[in-house]
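Quick notes on the structure that follows.
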Amino acid sequence: MGTKDDEYDYLFKVVLIGDSGVGKSNLLSRFTRNEFNLESKSTIGVEFATRSIQVDGKTIKAQIWDTAGQERYRAITSAYYRGAVGALLVYDIAKHLTYENVERWLRELRDHADQNIVIMLVGNKSDLRHLRAVPTDEAKAFAERNNLSFIETSALDSTNVESAFHNILTEIYKIVSQKQIRDSPNDEISPGSNVQSITVAPTVNPAQGRKQCCS
Ligand code: GDP
Ligand code: MG
7 MGTKDDEYDY LFKVVLIGDS GVGKSNLLSR FTRNEFNLES KSTIGVEFAT RSIQVDGKTI
67 KAQIWDTAGQ ERYRAITSAY YRGAVGALLV YDIAKHLTYE NVERWLRELR DHADQNIVIM
127 LVGNKSDLRH LRAVPTDEAK AFAERNNLSF IETSALDSTN VESAFHNILT EIYKIVSQKQ
187 IRDSPNDEIS PGSNVQSITV APTVNPAQGR KQCCS
């Protein structure tokens, strides 16, 4: 037990969403295995792949979930989103429809994911310059209006793939570590470790019956 792979400070679940064919599976394989595949193997779905990175001297293990092609049938289940702290919402810069559908994916996130999930809009296939259908500025402005971070990537030539994952993981890390500071008790008044904290049980509504308490 205790292999190096299991040593991490934070484990973050990040989901890949977006229309079928935009390059989600290839972004995942590029980031976790440095592999790219020209053929789309949408039916062979790994549930997730992991890779650890260093942020601020901490080891962040990213557990990145990919669909097995269910997005084609708009049949992603809520289990896919459960526990996710980040989402890469991917479109294809050469296929305008996949960009138009970003709004639908945002609604899907609003309905199924945690409301504090960090979302990054990713315009993939930036290598297809001659076929570009979505101007960078337009997508950038859309992202700003919707409070999303934004990046263009190419899973094919590797441009910005590292940055995309690093940026979203760093963003999540900053939120989580700040929350820890906020939530941790003030040193001045916190009891020593030998002191048991006392939980005050809430007043019980008689209509719901009396609960026996006590810690
Ligand atoms: P998914 O359905 O969103 O998982 O998309 P895939 O990763 O299966 O990719 C769909 C197709 O787009 C495949 O033929 C890939 O080879 C191709 N593809 C993925 N990423 C890129 C990219 O960055 N550039 C180019 N030119 N093709 C890509
Ligand atoms: Mg796929």
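Residue numbers for the sequence shown follow my numbering, beginning at 7 and rising by one. By construction, the Cβ of each residue, glycine as well, lies at the ideal position given by its N, Cα and C atoms. Note that the coordinates shown come from a computational prediction; the quantities given were computed from them, not determined experimentally.
Anticipated Cβ contact below 8 Å, residue i with residue j, distance rounded
i	j	result
residue 120	residue 90	7 Å
residue 129	residue 82	Contact flag wrong, Cβ pair sits at about 21 Å.
residue 56	residue 67	6 Å
residue 109	residue 132	About 21 Å; that fails the 8 Å criterion.
residue 42	residue 31	No, residue 42 and residue 31 are not in contact; Cβ-Cβ is about 10 Å, not under 8 Å.
Same chain only: Cβ atoms within 6 Å of residue i, ignoring 5 sequence neighbours per side
i	result
residue 94	22, 126, 128
residue 105	97, 140
residue 215	A caution first: residue 215 carries a pLDDT of 41, below 50, which makes its placement in the model unreliable, though a value can still be read off. Taken in chain order, the list of residues that qualify is empty.
Residue interval of the alpha helix (DSSP H) (run including residue i)
i	result
residue 115	108 to 118
residue 171	167 to 189
residue 34	30 to 39
Beta-bridge partners of residue i, as assigned by DSSP
i	result
residue 64	61
residue 158	129
residue 98	130
residue 76	Paired residue(s): none; residue 76 is not in a bridge.
Contact check, residue i vs residue j, beta carbons under 8 Å
i	j	result
residue 161	residue 27	no
residue 24	residue 124	no
residue 33	residue 167	yes
residue 18	residue 171	no
residue 174	residue 155	yes
residue 54	residue 69	yes
residue 182	residue 14	no
residue 112	residue 152	yes
Cut-off 7 Å between Cβ atoms - residues of its own chain near residue i, not counting five sequence neighbours on either side
i	result
residue 87	21, 118, 119
residue 146	156
Delimiting residues of the beta strand (DSSP E) encompassing residue i
i	result
residue 16	16 to 23
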